[in-house]
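Chemist: Numbering of the sequence shown is given in my numbering, commencing with residue 6 and proceeding in unit increments.
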Amino acid sequence: MKDVIRVVLIDPSEPSRTSLQRLVQGVASLWTAEVLTTCQGMAGRVAEINPDLCVIGLDAAPAQALELIAQIHATAPSVVVLPASATADSALILKAVRAGAREFLTLPSEPTELHEIAARLCTAREGRKSIAIRGPQIVAVTGAAGGVGSTSVAVNLAASLALRKSQECLLLDFDLMFGAVDVCLDIIPDNTLSTILQSFDRLDQTLLKRSLTRHRSGLYVLPHPVAMEDAAKIDPESLRRFLMLLKSAFPALVIDTSKGLQASDFVAFEMADVILAVVTLDLTCLRNTARLLNLFRQFDGMVDRVKIVVNRAGSFENEISLSKAEETLKASIFRQIPNASKPFQASRIKGAPLSEAAPGTRVYQDFLELAGALWPESPSENQKPRKGLFAAFF
Numbered sequence: 006m007k008d009v010i011r012v013v014l015i016d017p018s019e020p021s022r023t024s025l026q027r028l029v030q031g032v033a034s035l036w037t038a039e040v041l042t043t044c045q046g047m048a049g050r051v052a053e054i055n056p057d058l059c060v061i062g063l064d065a066a067p068a069q070a071l072e073l074i075a076q077i078h079a080t081a082p083s084v085v086v087l088p089a090s091a092t093a094d095s096a097l098i099l100k101a102v103r104a105g106a107r108e109f110l111t112l113p114s115e116p117t118e119l120h121e122i123a124a125r126l127c128t129a130r131e132g133r134k135s136i137a138i139r140g141p142q143i144v145a146v147t148g149a150a151g152g153v154g155s156t157s158v159a160v161n162l163a164a165s166l167a168l169r170k171s172q173e174c175l176l177l178d179f180d181l182m183f184g185a186v187d188v189c190l191d192i193i194p195d196n197t198l199s200t201i202l203q204s205f206d207r208l209d210q211t212l213l214k215r216s217l218t219r220h221r222s223g224l225y226v227l228p229h230p231v232a233m234e235d236a237a238k239i240d241p242e243s244l245r246r247f248l249m250l251l252k253s254a255f256p257a258l259v260i261d262t263s264k265g266l267q268a269s270d271f272v273a274f275e276m277a278d279v280i281l282a283v284v285t286l287d288l289t290c291l292r293n294t295a296r297l298l299n300l301f302r303q304f305d306g307m308v309d310r311v312k313i314v315v316n317r318a319g320s321f322e323n324e325i326s327l328s329k330a331e332e333t334l335k336a337s338i339f340r341q342i343p344n345a346s347k348p349f350q351a352s353r354i355k356g357a358p359l360s361e362a363a364p365g366t367r368v369y370q371d372f373l374e375l376a377g378a379l380w381p382e383s384p385s386e387n388q389k390p391r392k393g394l395f396a397a398f399f
C-alpha cells in the first residue's frame, strides 16, 4: 500500500495493551496515532483523531468494549473497528459484529495476519484522510549545481505556504552533511532528522508534532543531523517509512535535497509528487541539469514529475535565453524567480524568510505565486485574489 494506515489502540489491560502495541509496530504499514487506556467515553476522542483503524482489546472489560464499538460505529462510521480477544467465543464475536465490527482478531496473532486484515478493511476506505490535501503532498527541491539557490527556494516556498492557517507545512533538510535550512531560519532545533528517526515508531501524531521545531511563521522544520557521523546511520528504508508517516500528519512536505545525489535524495525523488529542479541560466548549470534529467528518465515516471524553476533570472550579462534553456533541457520552464540580491541579502542577515525580511518585494510575491501554482487556494482562503496569481497554472 502506498499510504500508511493510522491506528488508534484501546485496551484497559496493560499486558494486553503492550502485546497489541508490539503487534501493531510489527506491521510496517501501520502507525499508532494514539494509545488509550480506557474504553469509557473514548468514542469522541476516536472521532476527533479520525484514524483508519481502531483496535479494541475486549478481554479486560468486554461489556464496556462492546459499548464503545457501538458508540464509534454511531459517531464515526467511517472508522474501521477491529476487536481483539484471546477468547474465540462465538457469542462474543457475534456481539462484536452486531455492535459494528467488521472482523475479529483472535490473539495471539502474527503481524502478517494483522497486515492482511488491515489492508482488506482499510485500503478501500474513501475520504480517510483527516487532513485537507490540495495539490502535491511531497515536493522535493533540488539543484544540479552548487550555488543555484535551491535551499533558498525550498525555504521560501515552504514559508510562503505556512502562512496559510488551514494548511500546515513541514520543511525537511535532506542535505544530511551540509544542510543549511536551520541557518536560513535562524533556529536551534531540539530534534533533528536522526534523533526523530530513532524513536518515530513510538510517537503518536501529537507527540510527533511536538518533537518538531516550529518557526515563528508557523512552519514546522526538521533539520539535518548535527553530527556528520549520524548521517551515515540513516537507513533509506526507515526514511521511506518515516515519510509515509509524515504524509498522515501533514498536507504538505517540502524537502530540500543535497547536491550529491545521496541515498536520502533518491528516497525523496521516489516519493515526491513534484520535483522542483532549480536552475540558473548559465551553461554549467543547464548542462548538469540535463544530465540529471537523463538520470531521472531511467526511473519509471520520475521525469514526468519534474518542474523547472529558473532562479536569479536576469542576473547574468550573457545568460542563455529561456527558449534555448528549454531546448537544452527538453522540458518547459514552470516558473521564474527574478534576480533580487538585496532582499535575499536581507534574508540571510536576519536569518528569516522573505515573508519577514522583505515582504513587500516582487520576489516575495513570486514565491507566493509559486506556492499558489503548486497548492491552489480554496475560495475561502482567496477572498482577495491577486491579479494573475493562477494564470500560468490554469
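For each residue, glycine too, the CB sits at the ideal point set by N, CA and C. Only a predicted model underlies this, so the values are computations on that prediction, with no experimental measurement involved.
1. Quick one: is Phe-183 buried, meaning 16 or more other Cβ sit within 10 Å of its Cβ, or exposed?
2. Measure the Cβ-Cβ separation of Phe-349 and Ser-269 and say whether it is below 8 Å.
3. Helix, strand or coil, according to DSSP, for Asp-270 in the structure here?
4. Assuming Leu-281 contacts Val-158 under a Cβ cut-off of 8 Å, what Cβ separation, rounded to an integer in Å, is found between them?
5. Leaving out five residues before and five after Ala-351 in sequence, what residues of the same chain have Cβ atoms less than 7 Å from its Cβ?
6. For Val-32, tell me which candidate among Val-315, Gly-140, Val-284 and Leu-250 has the shortest Cα-Cα distance.
7. For Val-308, which residues from the same chain have a beta carbon less than 7 Å from its beta carbon, with the 5 sequence-adjacent residues on both sides left out?
8. Assign Ile-54 to buried or exposed, taking buried as 16 or more other Cβ atoms, counted over all protein chains shown, within 10 Å of its Cβ.
9. What residue does the beta strand (DSSP E) around Ala-257 start on, and which one ends it?
10. Does the separation of the CB atoms of Leu-286 and Ala-330 fall below 8 Å?
11. Would you mind stating whether Val-160 and Asn-316 have Cβ atoms separated by less than 8 Å?
12. Measure the beta-carbon distance from Gly-151 to Lys-264 and round it to whole angstroms, keeping in mind my assumption that it falls under 8 Å.
13. What residue range does the beta strand (DSSP E) around Ile-54 cover?
14. For a quick check, are the C-beta atoms of Cys-189 and Thr-156 less than 8 Å apart?
15. According to DSSP, is Cys-174 part of a helix, a strand, or is it coil?
16. In this structure, does DSSP put Gly-265 in helix, strand or coil?
17. Sorted by chain position, which residues of the same chain lie with C-beta nearer than 8 Å to Arg-107's C-beta, five sequence neighbours on each side aside?
18. Just how far apart, CA to CA, sit Ala-185 and Ala-357?
19. Under 8 Å, with one C-beta from each stretch per pair, do the segment 89–99 and the segment 55–71 reach the 3-pair mark?
20. Quick one: Cα of Ala-65 to Cα of Ala-123, how far?
21. Would you tell me roughly how many angstroms separate the C-alpha atoms of Trp-380 and Glu-374, rounded to the nearest one?
22. Quick one: what's got a C-beta closer than 8 Å to Leu-334's C-beta in the same chain, skipping five residues either side?
23. Residues in its own chain within less than 6 Å of Asp-235 by CB, not counting five upstream and five downstream?
24. Considering only residues of the segment 183–217, which uninterrupted alpha helix (DSSP H) runs meet the minimum length of 4 residues and lie entirely inside it, listed in chain order?
25. Between the Cα of Leu-177 and the Cα atoms of Leu-227, Leu-213, Gln-142 and Pro-194, which residue gives the shortest distance?
26. Less than 7 Å between C-beta atoms, sequence neighbours within five positions excluded: which residues of the same chain meet that for Ala-163?
27. Please tell me whether Leu-41 and Ile-15 are closer than 8 Å, where the distance is taken between their beta carbons.
28. In three-state terms, what does DSSP make of Phe-109?
29. What residues are listed by DSSP as bridge partners for Pro-343?
30. Taking DSSP as the reference, what is the three-state secondary structure of Lys-312?
31. If you compare alpha carbons, which of Phe-372, Arg-353 and Gly-365 is closest to Asp-191?
Modeler: Let me spell this out:
1. Here residue 183 refers to the residue found at position 178 of the sequence shown. Under this definition Phe-183 is an exposed residue.
2. In the sequence shown, the residue the question calls residue 349 occupies position 344. In the sequence shown, the residue the question calls residue 269 occupies position 264. Going by C-beta atoms, Phe-349 is not nearer than 8 Å to Ser-269.
3. If you number the sequence shown from 1, residue 270 lands on position 265. Residue state, collapsed to three classes: helix.
4. Numbered from its first residue, the sequence shown carries residue 281 at position 276. Numbered from its first residue, the sequence shown carries residue 158 at position 153. Yes, Leu-281 and Val-158 are in contact; Cβ-Cβ is about 7 Å, under 8 Å.
5. On the sequence shown, position 346 is the one that residue 351 refers to. Result list for Ala-351: Ala-362 and Ala-363, in chain order.
6. Start at 1 with the first residue of the sequence shown, and residue 32 comes out as number 27. Nearest of Val-315, Gly-140, Val-284 and Leu-250 to Val-32, Cα basis: Leu-250.
7. As a position in the sequence shown, residue 308 is number 303, starting the count at 1. Once the five neighbours on either side are set aside, the close Cβ partners of Val-308 are Leu-298, Phe-301 and Arg-302.
8. For this step, residue 54 is matched to residue 49 along the sequence shown. Classification of Ile-54: buried, given that the 10 Å Cβ count is 16 or more.
9. For the purposes of this step, residue 257 is taken as residue 252 along the sequence shown, with counting starting at 1. Element bounds for Ala-257: 257–261.
10. Residue numbering aside, residue 286 sits at position 281 when the sequence shown is read from its first letter. Residue numbering aside, residue 330 sits at position 325 when the sequence shown is read from its first letter. In this structure, Ala-330 lies closer than 8 Å to Leu-286 by Cβ.
11. Within the sequence shown, the letter at position 155 stands for residue 160. Within the sequence shown, the letter at position 311 stands for residue 316. Not a contact, by the Cβ cut-off of 8 Å.
12. Position 146 of the sequence shown, counting from 1, holds the residue named residue 151. Position 259 of the sequence shown, counting from 1, holds the residue named residue 264. Confirmed, Cβ separation roughly 5 Å.
13. Here residue 54 refers to the residue found at position 49 of the sequence shown. That residue, Ile-54, is in no beta strand (DSSP E); its alpha helix (DSSP H) goes 48–54.
14. On the sequence shown, residue 189 is found 184 positions in, with the first residue counted as 1. On the sequence shown, residue 156 is found 151 positions in, with the first residue counted as 1. Yes, Cβ-Cβ distance for Cys-189 and Thr-156 is below 8 Å.
15. For this step, residue 174 is matched to residue 169 along the sequence shown. Reduced to three states, the DSSP call for Cys-174 is strand.
16. As a first step, residue 265 must be located in the sequence shown, where it is residue number 260. The answer is coil: DSSP assigns Gly-265 none of H, G, I, E or B.
17. Numbered from its first residue, the sequence shown carries residue 107 at position 102. Here the set comprises Val-85, Val-86, Leu-87 and Leu-126.
18. As a working note, residue 185 is residue 180 in the sequence shown. As a working note, residue 357 is residue 352 in the sequence shown. So the alpha carbons of these two residues sit roughly 12 Å apart.
19. yes
20. Counting from 1 along the sequence shown, the entry for residue 65 is found at position 60. Counting from 1 along the sequence shown, the entry for residue 123 is found at position 118. Cα-Cα distance, rounded: 23 Å.
21. To locate residue 380, count along the sequence shown from 1; it is residue 375. To locate residue 374, count along the sequence shown from 1; it is residue 369. When rounded, the distance between both Cα atoms is 10 Å.
22. Position 329 of the sequence shown, counted from the start, is the residue given in the question as residue 334. These residues qualify, in order along the chain: Val-284, Leu-291, Thr-294, Ala-295, Leu-298 and Ile-313.
23. The residue labelled residue 235 in the question sits at position 230 within the sequence shown. The residues are Ser-199.
24. 186–189, 198–202 and 210–216
25. For the purposes of this step, residue 177 is taken as the residue at position 172 of the sequence shown. It is Leu-227.
26. As a working note, residue 163 is residue 158 in the sequence shown. So the list reads Cys-174, Leu-176, Leu-224 and Val-259, once near-sequence residues are dropped.
27. Here residue 41 is taken as the residue at index 36 of the sequence shown, counted from 1. Here residue 15 is taken as the residue at index 10 of the sequence shown, counted from 1. It is a contact, given that the beta carbons lie within the stated cut-off.
28. Counting from one through the sequence shown, the residue named residue 109 turns up at place 104. Phe-109 falls in the coil class under three-state DSSP.
29. Here residue 343 is taken as the residue at index 338 of the sequence shown, counted from 1. BP columns for Pro-343 point to Ala-318.
30. Position 307 of the sequence shown, counted from the first residue, corresponds to residue 312. It is a strand residue.
31. Taking the sequence shown and counting its residues from 1, one reaches residue 191 at position 186. Minimum Cα distance to Asp-191 is reached at Arg-353.
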